[in-house]
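For reference, the structure is listed below as structure tokens.
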Amino acid sequence: MPSSESALFQSGIPSFDVLLGGGIPPRQSFIVTGTPGSGKTVLCSQVAFQAAARGIPVVLATVTSEPHDKLMGALSSFNFFKPELLGEKIFIISAYSALKRGPKEARDLLLQTVRERGAAMLFIDGLRSIRDLWQDEARLREFLYELGIGLAASNCIGLFTTEYPLDRLMALPEATTVDGIVSLSVQTHGSRRVRRVEVVKLRGRPHLTGEHTMTIHEEGVEFIPRLEATPVPFQDEPPTLLRKGFGLPELDALMHGGLPQLSTTMLAGSMGIGKTILALHFAADAARHGEKSLFVSFFDAPAMLAARARRVGLDVTPLLEESRLFFHYVPPMEAEGDVLVRDILRKVDALGVQRLVVDGLTDLELSILDPERRRMFMASLAMRLRIRNITSLFTREVPKIVGTELDFNDAPVAILGENLLLLRYVELHGQMHRILSVLKMRDSEYTADLREFQIKDSGVKVLAPVRSAVGLLTGQARPLGSSIGGLGE
481 MPSSESALFQ
491 SGIPSFDVLL
501 GGGIPPRQSF
511 IVTGTPGSGK
521 TVLCSQVAFQ
531 AAARGIPVVL
541 ATVTSEPHDK
551 LMGALSSFNF
561 FKPELLGEKI
571 FIISAYSALK
581 RGPKEARDLL
591 LQTVRERGAA
601 MLFIDGLRSI
611 RDLWQDEARL
621 REFLYELGIG
631 LAASNCIGLF
641 TTEYPLDRLM
651 ALPEATTVDG
661 IVSLSVQTHG
671 SRRVRRVEVV
681 KLRGRPHLTG
691 EHTMTIHEEG
701 VEFIPRLEAT
711 PVPFQDEPPT
721 LLRKGFGLPE
731 LDALMHGGLP
741 QLSTTMLAGS
751 MGIGKTILAL
761 HFAADAARHG
771 EKSLFVSFFD
781 APAMLAARAR
791 RVGLDVTPLL
801 EESRLFFHYV
811 PPMEAEGDVL
821 VRDILRKVDA
831 LGVQRLVVDG
841 LTDLELSILD
851 PERRRMFMAS
861 LAMRLRIRNI
871 TSLFTREVPK
881 IVGTELDFND
891 APVAILGENL
901 LLLRYVELHG
911 QMHRILSVLK
921 MRDSEYTADL
931 REFQIKDSGV
941 KVLAPVRSAV
951 GLLTGQARPL
961 GSSIGGLGE
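Residue numbering for the sequence shown is 481 to 969, as defined by the numbering used here.
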């Protein structure tokens with residue numbers, strides 16, 4: 481335990497410390513509440529074992545007549561569980577008999593054991609069992625109050641679990657007696673059940689507010705703070721004049737050299753029109769300029785991506801082998817946006833890439849289960865990419881192959897559209913054609929020509945400006961006069 485009262489006790493779970501504003505304040509008592517199965521005992525046990533692994537003595541008190549080996553058996557499947565710490569740094573006692581005798585006897589037993597073992601943490605698993613045993617509000621309030629004073633005098637943290645929904649706990653004396661409250665819950669979203677954590681109360685400490693994602697895996701409990709709730713360094717810098725191209729001369733010329741460095745771009749288009757192929761060109765072009773790029777795909781596994789690129793004359797295999805281009809495949813599984821973006825940003829940081837492609841922005845958007853969060857989430861993502869000096873490209877599918885619905889302004893993903901490139905099918909004289917246009921580039925010059933483009937085995941080719949038809953962006957073109965120019969006769 482740190483000797484300074486101002487030092488924070490590290491829980492051993494970095495993501496938990498982030499939620500708590502750095503760690504557990506010294507000499508304070510916490511309640512972790514939640515309905516059965518929400519992960520209370522796993523969380524507190526993980527904190528206890530992590531402390532013991534650092535040489536910090538911990539007292540774990542059970543308050544029921546169940547044998548201790550039942551609890552240890554339930555924890556043994558987690559990697560944090562180290563049986564060699566039991567009896568060495570983690571001291572398990574049963575307070576059940578003392579609790580039956582009364583609050584004073586239970587308090588004395590617990591505090592005496594803490595002093596004898598030199599414990600820096602007392603973990604009591606199951607305050608609700610104490611309430612059920614005594615059936616007396618005044619006795620429970622007195623017990624928690626005096627226990628908290630005794631623990632503070634011994635420079636010991638109190639960590640207690642109880643089985644109440646948050647709204648029920650807040651009406652009980654336990655809520656006012658302890659210094660901090662952490663609520664765990666399992667919530668329903670459609671057919672899914674998701675875990676959430678909230679730091680409801682933390683005396684004298686700033687902390688992250690609201691609900692955050694929680695996961696339980698073999699390592700134990702992990703929290704993923706809401707992306708928009710965690711601060712990022714503020715940077716007030718003018719836009720750069722450098723460009724990042726696709727390696728397709730005709731397309732790059734429309735943008736006067738390419739996309740502005742550090743910008744975010746939305747590449748929107750109909751199903752099958754070529755968004756992924758153009759995005760692969762953007763990622764591959766990084767290698768030609770001595771940069772690294774990461775291509776995140778929600779649709780195609782790496783071998784499929786490489787094969788698709790090779791079919792149009794873009795061989796990315798050497799780039800992959802030389803670790804200049806990296807593929808990250810996100811399979812179609814139930815995953816939440818905060819988890820997905822955390823993993824992507826970790827890869828960005830580990831690989832040191834300068835360009836990022838996310839192929840499937842709609843999938844990322846829908847992984848944010850709360851629709852009201854989506855716009856702020858995307859804004860936070862764009863900011864985090866910019867401070868990492870990343871130029872990013874996101875593909876998004878336009879729902880209809882042809883039609884007039886092209887307004888993205890009300891969509892949460894619009895925040896990522898500093899630049900907007902549109903790919904569209906048009907039907908003219910019984911044939912389908914591909915066209916592209918740069919609809920928007922923030923703080924940058926560009927050419928707004930409509931261009932037909934072709935994707936063939938020999939590669940991607942952007943053709944001359946189309947000036948002989950109208951209605952092209954709606955997908956329902958009408959020829960002007962007898963010639964239809966760039967779209968063929």
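In this text, a Cβ means the ideal position worked out from N, Cα and C, and glycines have one as well.
Small disclaimer: the values here were computed from a predicted structure and weren't measured.
Residues bridged to I610 (per DSSP) = Answer is none; I610 lacks a bridge partner.
message = Buried or exposed, going by whether 16 or more other CB atoms sit within 10 Å of the CB of K936?
response = exposed
query = Looking at S743 and S847, is the spacing between their C-beta atoms short of 9 angstroms?
reply = no
task = Indicate the three-state DSSP secondary structure (helix, strand or coil) for G517 in the structure shown.
result = coil
Extent of the continuous beta strand (DSSP E) to which K1013 belongs = As displayed, the chain neither begins before 481 nor continues past 969, which places residue 1013 out of reach and without an answer.
request  = Could you pull the start and end residues of the beta strand (DSSP E) that Q741 belongs to?
outcome  = Counting along the chain, Q741 falls outside any beta strand (DSSP E), and DSSP gives it neither H nor E.
ask   = Sorted by chain position, which residues of the same chain lie with C-beta nearer than 7 angstroms to Y625's C-beta, five sequence neighbours on each side aside?
value = The beta carbon of Y625 sits closer than 7 angstroms to those of T657, all from its chain and outside the five residues before and after it, given in chain order.
Secondary structure, alpha helix (DSSP H): runs of 4+ residues fully inside the segment 773–852 = 782–791, 797–801, 817–831, 841–846
ask   = Cβ of D605 within 9 angstroms of Cβ of S509?
value = no
ask   = At which residues does the beta strand (DSSP E) containing E702 begin and terminate?
value = 700–704
request  = Please look up how many angstroms separate the CB atoms of F778 and D839, rounded, as I've assumed it's under 8 angstroms.
outcome  = Right, their Cβ atoms sit about 6 angstroms apart.
Nonlocal neighbours in the same chain, by C-beta distance under 8 angstroms from E816, ignoring five residues either side = V674, T693, I704, S847, I848, L849
task = Check whether the Cβ atoms of L555 and T542 sit closer than 9 angstroms, and answer yes or no.
result = Not a contact, by the Cβ cut-off of 9 angstroms.
query = Among the residues of its own chain, which have a CB less than 8 angstroms from the CB of A759, if the five just before and after it don't count?
reply = L747, F775, V837, D839, L873, T875
message = Three or more C-beta pairs under 8 angstroms: does that hold for the segment 562–579 against the segment 674–689?
response = no
inquiry  = Tell me the residue span of the beta strand (DSSP E) that contains F874.
reply    = 871–877
message = If the criterion is Cβ atoms closer than 9 angstroms, does the pair L500 and L488 meet it?
response = When the beta-carbon positions are compared, L500 and L488 come within less than 9 angstroms of each other.
Residue from V946, E925, S924, A655 whose Cα sits closest to the Cα of F933 = Of the candidates V946, E925, S924, A655, the one whose C-alpha sits nearest the C-alpha of F933 is V946.
key: Three-way DSSP call (helix, strand, coil) for T689 in this model   = coil
key: Within 9 angstroms, strictly: CB atoms of W614 and P653   = no
task = Count the other CB atoms, across all protein chains shown, that sit within 10 Å of the CB of T884; report buried if there are 16 or more and exposed otherwise.
result = Below a pLDDT of 50, predicted positions are generally treated as unreliable, and T884, at 47, falls in that range; the measurement from the model is reported next regardless. Answer is exposed; the Cβ neighbour count stays below 16.
request  = For K772, collect the residues of the same chain with a Cβ closer than 8 angstroms to its Cβ; drop the 5 residues on either side in sequence, then sort them by chain order.
outcome  = A766, S803, R804, L805, F806, L831, G832, V833, Q834, R835
request  = Kindly indicate the opening and closing residues of the beta strand (DSSP E) around H913.
outcome  = 911–921
For S665, the three-state DSSP class (helix, strand or coil) = strand
query = What are the complete alpha helix (DSSP H) segments, minimum 4 residues, inside the segment 551–588?
reply = 576–581
query = Should N559 go down as buried or exposed, given a rule of 16 or more other Cβ atoms within 10 Å for buried?
reply = exposed
request  = Spatial neighbours of V828 within its chain, please: CB distance less than 7 angstroms, with the 5 preceding and 5 following residues excluded, ordered by chain position.
outcome  = L774, L836, R868, I870
Short Cβ contact (9 angstroms threshold) for I637 with M601 = yes
ask   = With C-beta atoms as the reference, is K755 less than 9 angstroms away from L943?
value = no
query = Just how far apart, CA to CA, sit T593 and T521?
reply = Whole-angstrom Cα-Cα distance: 21 angstroms.
key: Between the CA atoms of L844 and P812 - distance to the nearest angstrom   = 11 angstroms
task = Would you list the one or two residues that DSSP bridges to V973?
result = Here the chain has residues from 481 to 969 only, and residue 973 is not among them.
inquiry  = Taking its Cβ as the centre, do 16 or more other Cβ atoms sit within 10 Å of S557, making it buried, or is it exposed?
reply    = exposed
ask   = Between C970 and A764, what straight-line distance do the alpha-carbon atoms span, to the nearest angstrom?
value = Residue 970 lies beyond the range of the chain shown here (481 to 969); nothing can be said about it.
inquiry  = Looking at the secondary structure, which residues open and close the beta strand (DSSP E) in which L977 lies?
reply    = Look at the range of the chain in this structure, 481 to 969, and you will see that residue 977 is not part of it.
key: Opposing strand residues paired with R723 [DSSP bridges]   = Answer is P740.
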